[in-house]
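Undergrad: Quick one: structure below, then a few questions.
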Amino acid sequence: MARYVFITGGVVSSLGKGLASAALGALLQARGYTVRLRKLDPYLNVDPGTMSPFEHGEVFVTDDGAETDLDLGHYERFTGVSARRTDSVSSGRIYSNVLEKERRGDYLGKTIQVIPHVTNEIKDFIGIGDDEVDFMLCEIGGTVGDIEGLPFFEAIRQFAQERPRGECIFMHLTLVPYISASGELKTKPTQHSVKELRAIGIAPDVLLLRSDRAVPEKEREKIALFCNVRPDAVIAAPDLKTIYEAPLAYHREGLDRAVLDAFQISPAPRPNLDRWTDVMDRMENAEGEVRVAIVGKYTQLEDAYKSIAEALTHGGMANRTRVKAEWIDAEIFEQEDPAAYLEPYDAILVPGGFGERGTEGKIKAAQFAREKGVPYLGICLGMQMAVIEAARDLAGVADAGSEEFDHEAGKRRFTPVVYHLKEWVQGNRMVERKVSDDKGGTMRLGAYTAVLAEGSRVAQIYGATSIEERHRHRYEVDLKYRDKLETCGLKFSGMSPDGRLPEIVEIPEHPWFIGVQFHPELKSKPFAPHPLFADFVRAAVEASRLV
Ligand code: GLN
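Heads up: the sequence shown begins at 168 in the numbering used here, then just goes up one per residue.
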């Protein structure tokens, strides 16, 4: 049976609970334990798949095809453990399961209530895969006191109560604000937050204090006293220069020690933190800098492309260089010449996206990169745009476009070089879709194999001819145009195993021009940078030297 750490937050949201959970996972691994991290989100959407990236940030896709919260990305980046569908749940999913059971008659005519039906559903979810790891870390989204969160707090309280004593602990993250007028750090919000938690029956074992500066011992002792938490389990978590410092910084403050103490594990296995000292060494001792333009749509909210930003940082680590990623709104290029904007950059990345807005600008960015020999990485929509650009400009399909933008029946504006995929093979089964399908969870999602052409640039970069990458898209490049495009220099260098779906395109004559139908950024780790990002940054470094 696993031991459970429940991670909750108080005072304000956005304190970095996800990161703290991920860093704790990494520290437990460093002491030789196996871990799994899990996120329980109180919102009513069934999953974040249909939420706007502006609202909720990136949708993180797992190997098994679940569309999940971006915190699962942090979990994977810090622990290397691939998340699963059963590692992310929302109130929406819980309620829809309960209601489905009610309709099926599973509850045998009982009145369905939050306690016990909803809380039981949550507890069942928490316990999935209980015998697989040493530690299960469950983060509850939102802050204590939120109305939506109550069933989750109640469920974890019950869960801990039903387990043998000492197998579950509670870690609570709070904010310790600095009031500049009085020059003081304030402990009162933490006291109130813990009071709120205790009122619903949860007594925290470990407190993690987020603040913009060091929290002196005096304040920590005061919090320990007022919140009834042992002084050495009140851990300071001041702001860090980079998120990847978190494992080492939290270790220095004694987080992993406090957690193991709370489980009464003694003596604790000695930690091996080499992985994280190496990551920090690569960050701190980087030389030079390359500038990468990310030409996208969701540019106002950095979280919308979280994994891409992180994967670029990892690519920098692989090359011991700093990567400065700058976001440019693709729509600008629909009015203005991209050259004026893109010339200062060493490489261009066009990320994934949905809908027509900004796509003509992305096509212009791809054209600029192709014509000027600037390294180009097109991801998902970014690949589709590169193919459309080549079809228009090289292969003579002047009105090439994507079916995604041609909604009105009988009024086609484009020749669909990218079409709506309605059936494909997943493993050994056929998947089918209709235009009228629900929007949620119906894309081509999760890990699929791609076969890479011998001798291609991508085969060389991966050092393999069979790869697995994660997908999240509804549209696909039409194979019909392969011969035409290949004659013009755009090679289809990665295909689905049945040879029907183009997975990768590249221009061998170009210094570095690659489009991928999948999302490589989702699998990159600081201690194992994704080969495509590592090589893309290498190409950017080379390009910067040429200037
Ligand atoms: N909108 C495109 C599709 O559905 C691309 C999706 C993406 O970039 N993730 O195929």
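Cβ atoms here follow ideal geometry from the backbone N, Cα and C, with glycine treated the same way.
#1: Excluding the 5 residues preceding and the 5 following E161 in the sequence, name in chain order all residues of the same chain whose CB lies nearer than 8 Å to its CB.
#2: Looking at L668 and the ligand GLN, is the gap between the Cβ and the nearest heavy atom below 7 Å?
#3: Is any non-hydrogen atom of the ligand GLN found closer than 7 Å to the C-beta of R639, if you look at the structure I gave you?
#4: Return yes when the Cβ of K658 is within less than 8 Å of the Cβ of S623, no when it is not.
#5: Flag this pair as yes or no: are the beta carbons of V517 and I546 separated by less than 8 Å?
#6: Give a yes or no on whether the C-beta atoms belonging to A497 and G525 are separated by under 8 Å.
#7: Considering only residues of the stretch 689-713, which uninterrupted alpha helix (DSSP H) runs meet the minimum length of 4 residues and lie entirely inside it, listed in chain order?
#8: Given this structure, state the Cα-to-Cα distance separating R271 from D291, to the nearest angstrom.
#9: Which of the three DSSP states, helix, strand or coil, is assigned to E498?
#10: Using the rule of at least 16 other Cβ atoms within 10 Å of the residue's Cβ for burial, across every protein chain shown, is P505 buried or exposed?
#11: For the ligand GLN, is there any heavy atom lying closer than 7 Å to the beta carbon of C394?
#12: I want to check one thing, is the minimum distance from the CB of E527 to the heavy atoms of the ligand GLN below 7 Å?
#13: Whether or not the stretch 690-702 and the stretch 484-494 are in contact is what I'm after, with contact meaning three or more pairs of Cβ atoms, one per stretch, closer than 8 Å; do they touch?
#14: In the stretch 600-641, which residue ranges form an unbroken alpha helix (DSSP H) of at least 4 residues, counting only runs that do not cross its ends?
#15: Could you check if G519 belongs to the surroundings of the ligand GLN, using beta carbon to heavy atom distance under 7 Å?
#16: Find the nearest neighbour of P414 within the set T444, D379, Q593, judged by alpha-carbon distance.
#17: Does S474 pass the burial test, meaning 16 or more other C-beta atoms within 10 Å, or should it be called exposed?
#18: Taking 8 Å as the limit between beta carbons, can you name the residues of its chain near G421, skipping five residues before and five after?
#19: When you compare each of G482, V644, D560, A471 to G224 by their alpha carbons, which one comes out closest?
#20: Confirm, please, whether the CB-CB distance from Q196 to T253 is below 8 Å.
#21: Applying the criterion that 16 or more other CB atoms from any shown protein chain within 10 Å of the CB defines a buried residue, is T229 buried or exposed?
#22: Look at the alpha carbon of A348 and the alpha carbon of S360, and state the distance between them as a whole number of angstroms.
TA: Based on what the coordinates show:
#1: This structure cannot speak to residue 161, because the chain is shown only from 168 to 714.
#2: Distances taken from the Cβ of L668 to the heavy atoms of the ligand GLN include none shorter than 7 Å.
#3: Yes, since a heavy atom of the ligand GLN falls inside the 7 Å radius drawn around the Cβ of R639.
#4: Judged by their CB atoms, S623 and K658 are nearer to each other than the 8 Å cut-off.
#5: In contact: V517 and I546 (Cβ atoms closer than 8 Å).
#6: Inclusion of A497 and G525 in the CB contact set at 8 Å is warranted, their separation being smaller than that value.
#7: Here the runs fully enclosed are 698-713.
#8: Rounded to whole angstroms, R271 to D291 spans 19 Å at the Cα level.
#9: Looking at E498 - three-state DSSP - the assignment turns out to be coil, as it is neither helix nor strand.
#10: When all chains shown are included, P505 counts as buried.
#11: Not under cutoff, so the answer is no.
#12: No - the ligand GLN has no heavy atom lying nearer than 7 Å to the Cβ of E527.
#13: Verdict: yes, contact present.
#14: Runs found: 624-629.
#15: Annotation for G519 indicates a beta carbon within 7 Å of some heavy atom of the ligand GLN.
#16: Of T444, D379, Q593, the residue nearest in Cα terms is T444.
#17: Under this definition S474 is a buried residue.
#18: Same-chain partners within the cutoff: D399, I402.
#19: Per the Cα distances, A471.
#20: For T253 and Q196, no; Cβs fall outside 8 Å.
#21: Taking all protein chains shown into account, T229 has 16 or more neighbouring C-beta atoms within 10 Å of its C-beta and is therefore buried.
#22: Going from the Cα of A348 to the Cα of S360 covers about 23 Å.
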